[in-house]
Every structure is written in structure tokens, then in C-alpha cells.
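Heads up, the thing below is written out as C-alpha cells.
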Amino acid sequence: MKSVRVPLSLQQAVMRTMRQKLVQASHFLQETFPEPNVTYRQRGTIAGSARLQGWEIRLNPVLLIENQQAFIDEVLPHELAHLLAYHQFGKVAPHGKEWRFIMETVLKVPANRTHQFSVHSVRNKIFTYCCRCRQHELTIRQHNKILRGKSCYICRQCGEKLILLEQIE
Ligand SMILES: [Zn+2]
Ligand SMILES: [Zn+2]
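According to the UniProt record's numbering, the sequence shown holds residues 1 to 169 in order.
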């Protein structure tokens with residue numbers, strides 16, 4: 001899938017909020033935390049994810065660009081709280097009481113588990129195909145190649161040609 005470029009000013013806004021939240025956490029927990037590595041590689045309808053071992057926060061570039069500061073204010077603390085909960089408490093339930101404590105008491109943000117952003121534009125770029133064994137998600141580029149007869153995709157597992165199942169709008 002073609003990667004979406006996040007404007008520099010928006011990346012700076014992300015880092016600004018992250019540093020604010022990190023300072024807040026440091027004050028409260030009396031500890032310093034390394035700055036997480038923020039990447040813009042989250043795909044699909046998921047807003048973001050936290051890679052605990054890699055100390056990385058992945059953000060969805062399309063949803064970030066569409067929702068700007070609202071996205072930053074909601075998604076960034078959410079993912080940061082996963083990292084901090086892991087740092088402080090080890091492996092705990094993803095949205096359990098440790099994570100809620102970091103969100104509400106330490107970072108002072110509402111502990112929402114899911115986002116409410118419109119996923120229309122990230123959804124309609126995905127085309128669901130199927131073979132004999134499972135479903136495959138193809139990008140609009142791959143889908144268009146198939147329509148033009150330029151490509152034909154074969155499932156690596158069952159060796160069958162992929163056929164269009166449905167078009168998610
Ligand atoms: Zn989460
Ligand atoms: Zn297959």
C-alpha cells in the first residue's frame with residue numbers, strides 16, 4: 001500500500017503532545033521515560049497501536065490527517081498509556097485497571113477504549129477478495145490492476161485465484 005505522507009507540522013504537533021504527556025507522567029510517577037518512537041504505519045481502520053517491546057507508537061496517517069488535533073489528543077495518550085502501563089506494571093490486560101489508572105489519574109484524559117473517527121476514507125480503499133481458504137484485503141491499486149486485467153493474484157497458501165467478495169464502502 002502506498003504510504004501516506006504526514007505533513008511536518010502535524011508530526012511536530014504529535015511530538016509536542018507526546019512530550020507534554022511524558023513530562024506529566026514523569027512528574028506523577030517520579031521517573032523518566034525514554035521518548036517512544038512514533039511511526040505512521042498503522043493501516044486500516046485502527047487509529048493506532050503500541051509496540052510494547054519496541055517502545056513504539058504506530059499512528060494511522062490517514063485518520064491523523066483527517067482529524068488533526070482531535071486525533072492527537074485522543075489516540076496519542078491512549079497508546080502512550082499502553083507503553084507506560086507496560087513499563088510500570090509489566091504485561092497487564094490491554095485496557096485493564098493499570099491502563100485506566102495511567103489514562104485518568106496520570107495523563108488526565110478520558111479512558112476511551114475505541115475511537116469515534118469516521119473510517120469512511122480508510123475503509124473504501126480496501127477490497128475484500130477470497131480464495132478457497134481465507135479472505136484477503138487488497139488495496140485499491142491491486143484491485144484496479146485486476147480490473148484492468150494486468151494482474152491476477154494467487155493465494156500463497158491454497159494456490160487459488162482471488163475473487164472479489166465485496167466492496168466495503
Ligand atoms: Zn488500546
Ligand atoms: Zn487460499
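The beta carbon of each residue, even a glycine, is placed where N, CA and C say it ideally should be.
Reduced DSSP secondary structure (H/G/I, E/B, other) of residue i
i: Lys108; result: coil
i: Val23; result: helix
i: His120; result: helix
i: Lys97; result: helix
i: Gln157; result: coil
i: Leu165; result: strand
Limits of the beta strand (DSSP E) - the one that residue i falls within
i: Ala50; result: Gly48 to Arg51
i: Val38; result: Asn37 to Thr39
Paired residues, beta bridge with residue i - DSSP
i: Leu29; result: Answer is none; Leu29 lacks a bridge partner.
i: Gln42; result: Gln42 pairs with nothing; no bridge assigned.
i: Glu56; result: Asn37 and Arg51
i: Gln135; result: Cys130
Counted within 10 angstroms of its Cβ, other Cβ atoms place residue i as buried (16 or more) or exposed
i: Glu79; result: buried
i: Glu160; result: exposed
i: Val14; result: buried
i: Asn67; result: buried
i: His143; result: buried
i: Gln167; result: Residue confidence is low: Gln167 scores 48 on pLDDT, short of 50, so the model does not pin down where it sits. Its coordinate-derived value is still stated next. Looking at its Cβ environment, which holds fewer than 16 other Cβ atoms inside 10 Å, Gln167 is exposed.
i: Gly54; result: exposed
i: Gly48; result: buried
i: Val23; result: exposed
i: Pro7; result: exposed
i: Gln69; result: exposed
Pairwise C-alpha distance: residue j and residue i
i: Glu56; j: Pro34; result: 11 angstroms
i: Arg5; j: Val62; result: 9 angstroms
i: Val38; j: Leu59; result: 7 angstroms
i: Glu169; j: Leu138; result: Only weak support exists for where Glu169 lies, its pLDDT of 34 falling under 50; the coordinates are left without a value.
i: Glu104; j: Pro110; result: 6 angstroms
i: Cys158; j: Arg134; result: 9 angstroms
i: Phe127; j: Leu164; result: 7 angstroms
i: Ile11; j: Arg132; result: The question names Ile, yet the displayed sequence has Gln at residue 11. Cα-Cα distance, rounded: 42 angstroms.
i: Lys21; j: His82; result: 13 angstroms
i: Ile140; j: Tyr129; result: 12 angstroms
Continuous alpha helix (DSSP H) stretch holding residue i: start and end
i: Arg141; result: Ile140 to Leu147
i: Tyr129; result: From DSSP, Tyr129 is part of no alpha helix (DSSP H) but of the beta strand (DSSP E) over Ile126 to Cys130.
i: Glu74; result: Pro61 to Phe89
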